[in-house]
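Which chain is which? The protein sequence lines are A and B, in order. Sequential numbering from 0 applies to the first sequence in numbering that gives the first Met the number 0. Sequential numbering from 0 applies to the second sequence in numbering that gives the first Met the number 0. Virtual Cβ for every residue (Gly too), placed ideally from N, Cα, C. Predicted, not measured: the structure shown is a model, and the values here were computed from it.
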Amino acid sequence: MNYPSDSAARHGLTCCHICHSTVSLPVASGHWQCPVCAARVHLRHPHSVQRTWALILTAVICYIPANIYPIMTVVRFGRGAPDTIASGIVHLAAEGQWPIAILVFMASIVVPILKMVVLIALLVSVQCGWRWRLLERARLYRFIDVIGRWSMIDVFMISILVALVRLGAVATVVPGVGAAFFAAVVLSTMFAASSFDERLLWDSAHE
Amino acid sequence: MSPEFCGTLALRVCSTTRHRPFRPACRAGQGAAREGGRRHGPVLADGVGYPALSTVAAKPLQESVVEACPDCDLLQSIPADVVQRTTCHCVRCGARLAAGDQPNLERDAALAAAALVLLTVANLFPILEFDLNGRVQTATVFDGVVSMWQQQRYELAVLILLVAILIPALHAVAVLVRSQLLGSAARGRQRGRWWAVWSERIAPWGMTEVYLLGALVAFVKLGDLASVVVGPALYAFAAMSVLTAWSSAHAAGMWAALRRR
């Protein structure tokens, strides 16, 4: 691989991704191990593009059942009302809980879609070697890396409702299979974001 | 250093200056970065070539410290006196560089001990209490895990157990152990290193602050069904989120304790 001349990789140096120490490769013992924290060091994350693509495609596939199947069913007096992600938000909005409806909308719909779209765009930009708006793309990556975890709100909400509403025939909340798929979407996008190596953006722009 | 590299780094710094107002590599303290009218921006490791980089370049060297940016891999050198006083940021992408981190093991240990106390409260007391025509139900975090398991959603039960209970607790324990060991003699530091690496690896998977928001959404959702009361665990989770944000903002400092040997 050809690294840009101002990159540390060209000079046999790299930044340990655990402790951020600047390490020269390979260190005296021949092991590619950080002398400060003893973690393995790489010039770039191994197979970053392939892994990120695989995890993103997993997320895209899981996203379909996550939205089709109910995430939970509220059973009241023996009659169940299944709720998907979208219908849950509609119910909140219909009850006039606008701030919470917007919060759940952002966390459950906007953030996962944004993460998938942005990561796919970043992967394509790396593979095509775009030089366009590098700093903005780097910031976009940091942004989706930070916000990804907030999508778990819905899953935690369901676990509390399931534990709290256990009144037999009067009212019961049953978790749905959609919730499991949704958690899979969130986890695989989080893994995808961490397997993507931001430095590839800067590398590919300097071909 | 090769003259070619020297030239490209100079070009890089110049072009950055042309496009935007000069952005000092060192922001923290603000004043320290511009002492005596002299700009301590990124400077070239001029003439002297690379210092002997046997293991780690982050040790304070005579003139300057060579740092690779963790996010964009730009190689830059920073005056050693700046590194000792301030937090440094990459000139190109603004990421925080390792140089300039200050260890504060006592603060780490104190925050972790507080987190352990709060986690105990968060797990012993109910998050929400729910009253439907006189039938009262309470739920702790662990009740959420158990009910998920009983409803055959095993994967979600395990996931919630991990990210809301086990990982935050393990992280606090690891921080406590590492800050004790890193402050001790050389042999203890070797073991402290292991705890430090693992505390950093599991940190992103503790989601107490997200759980807090999930509980608030559940609170609002149940509002129309019955009367709901917020339990002590919710306040503990709120305090935990503040502590987590505080300690993760300073997490980088502990590596400085290991880098200086």
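TODO: Using three-state DSSP, classify ARG259 (chain B) as helix, strand or coil.
DONE: Coil, per DSSP.
TODO: Would you please verify whether the beta carbon of PHE236 (chain B) is less than 8 Å from any beta carbon of chain A?
DONE: no
Task: Closest by C-alpha distance to ALA225 (chain B), when choosing among B:ASP130, B:GLN101, B:LEU110 and B:PHE124 - done: Measuring from the Cα of ALA225 (chain B), the nearest candidate turns out to be B:ASP130.
Task: Cβ separation of HIS249 (chain B) and ARG152 (chain B), assumed to be a contact under 8 Å, to the nearest whole Å - done: About 37 Å; that fails the 8 Å criterion.
TODO: Using beta-carbon positions only, say whether LEU166 (chain A) and GLN136 (chain B) come within less than 8 Å of one another.
DONE: yes
Task: Proximity test, Cβ basis, 8 Å: PRO69 (chain B) and chain A - done: The C-beta of PRO69 (chain B) comes closer than 8 Å to at least one C-beta of chain A.
TODO: Output yes if chain B places a C-beta closer than 8 Å to the C-beta of CYS14 (chain A); else output no.
DONE: Taking Cβ atoms only, chain B reaches closer than 8 Å to CYS14 (chain A), which makes this a yes.
Open item on the list: Measuring straight from C-alpha to C-alpha, what distance separates PRO239 (chain A) and MET105 (chain A)?
Closed with: Because chain A spans 0 through 206 in this model, residue 239 (chain A) falls outside it and cannot be assessed.
- [ ] Decide if LEU123 (chain B) is buried, meaning its Cβ has at least 16 other Cβ atoms within 10 Å, or exposed.
- [x] Answer is exposed; the Cβ neighbour count stays below 16.
TODO: Please decide whether CYS36 (chain A) counts as near chain B, where near means a Cβ-Cβ distance under 8 Å.
DONE: Yes - at least one Cβ of chain B is within 8 Å of the one on CYS36 (chain A).
Task: Exposed unless 16 or more other CB atoms sit within 10 angstroms - verdict on SER246 (chain B) - done: buried
Task: Own chain residues within Cβ distance below 7 Å of ALA44 (chain B), not counting five before or after - done: Residue placement at ALA44 (chain B) is flagged as unreliable, the pLDDT there being 36, under the threshold of 50; the coordinate-derived value follows with that caveat. If we look at ALA44 (chain B) and ignore the five residues flanking it on each side, its Cβ neighbours are MET0, SER63, VAL65 and SER76.
Open item on the list: Nearest by alpha-carbon distance to ASP80 (chain B): which of B:LEU74, B:ALA238, B:ALA237 and B:GLY99 is it?
Closed with: Measuring from the Cα of ASP80 (chain B), the nearest candidate turns out to be B:GLY99.
Task: One or two residues paired with GLN219 (chain A) in a DSSP bridge - done: Since the displayed chain A opens at 0 and closes at 206, residue 219 (chain A) lies outside it and no answer follows.
TODO: Spatial neighbours of HIS205 (chain A) within its chain, please: CB distance less than 7 Å, with the 5 preceding and 5 following residues excluded, ordered by chain position.
DONE: PRO3
TODO: For the beta strand (DSSP E) containing GLN75 (chain B), list its first residue and its last residue.
DONE: 74-78
- [ ] For LEU233 (chain B), collect the residues of the same chain with a Cβ closer than 6 Å to its Cβ; drop the 5 residues on either side in sequence, then sort them by chain order.
- [x] Short of 6 Å from the beta carbon of LEU233 (chain B), and not among the five residues preceding or following it, lie these beta carbons of its own chain, in chain order: ILE126 and ALA214.
- [ ] List the residues of chain B that ARG198 (chain A) touches, going by C-beta distances under 8 Å, in chain order.
- [x] ASP70, CYS71 and ASP72
Task: Length of the line joining the Cα atoms of PRO34 (chain A) and VAL227 (chain B) - done: 54 Å
Open item on the list: For the pair the stretch 170-185 of chain B and the stretch 123-140 of chain A, tell me if three or more CB-CB distances fall below 8 Å.
Closed with: Short answer: they don't touch.
Task: Reduced DSSP secondary structure (H/G/I, E/B, other) of ASP5 (chain A) - done: coil
Open item on the list: Residues of chain A with CB closer than 8 Å to the CB of TRP254 (chain B), please, in chain order.
Closed with: CYS18, HIS19, SER20, VAL35 and CYS36
Open item on the list: If distances are taken between C-alpha atoms only, which option among A:THR13, A:MET151, A:LEU122 and A:LEU42 comes closest to ALA97 (chain B)?
Closed with: When only C-alpha atoms are compared, the closest one is A:THR13.
Open item on the list: Any beta carbon from chain B within less than 8 Å of PRO174 (chain A)'s own beta carbon?
Closed with: yes
Task: 7 Å Cβ cut-off: residues of chain B touching HIS41 (chain A) - done: None at all; the shortest Cβ gap to chain B is about 12 Å.
Open item on the list: Which residues in chain B have a C-beta closer than 8 Å to the C-beta of VAL164 (chain A)? List them in chain order.
Closed with: In chain order: PHE129, GLN136, LEU221 and LEU224.
Open item on the list: Which residues in chain B have a C-beta closer than 7 Å to the C-beta of HIS44 (chain A)? List them in chain order.
Closed with: Simply none; closest approach about 12 Å.
- [ ] Express the C-alpha separation of LEU161 (chain B) and VAL216 (chain B) in angstroms, rounding to a whole number.
- [x] 21 Å
- [ ] Go through the stretch 109-188 of chain A residue by residue and report every complete run of the alpha helix (DSSP H) that reaches 4 residues or more, in order.
- [x] 110-127, 133-146 and 152-163
- [ ] Take every Cβ of the stretch 195-205 of chain A, pair it with every Cβ of the stretch 80-90 of chain A, and state whether three or more of those distances are shorter than 8 Å.
- [x] They do not touch, by the three-pair rule.
Task: chain B contacts made by the stretch 79-96 of chain A, where a contact means CB separation under 9 Å - done: Listed in sequence order: GLY87, HIS90, LEU91, GLU94 and GLN96.
- [ ] Determine the contact status of SER178 (chain B) and ALA108 (chain B), defining contact as a CB-CB distance below 8 Å.
- [x] yes
TODO: Pull up the CB-CB distance for VAL229 (chain B) and SER198 (chain B), whole angstroms please, since I reckon it's below 8 Å.
DONE: About 31 Å; that fails the 8 Å criterion.
TODO: Please determine, among B:ILE164, B:TYR210 and B:GLU128, the residue with the shortest C-alpha to C-alpha distance to ARG148 (chain A).
DONE: B:TYR210
Task: Sub-8 Å separation of ALA37 (chain A) and ARG192 (chain B) beta-carbons - done: yes
- [ ] If I'm right that CYS71 (chain B) touches ALA137 (chain A) with Cβ under 8 Å, what's the distance once you round it to whole angstroms?
- [x] Distance from CYS71 (chain B) to ALA137 (chain A) at the Cβ level is roughly 7 Å; contact confirmed, criterion being Cβ atoms closer than 8 Å.
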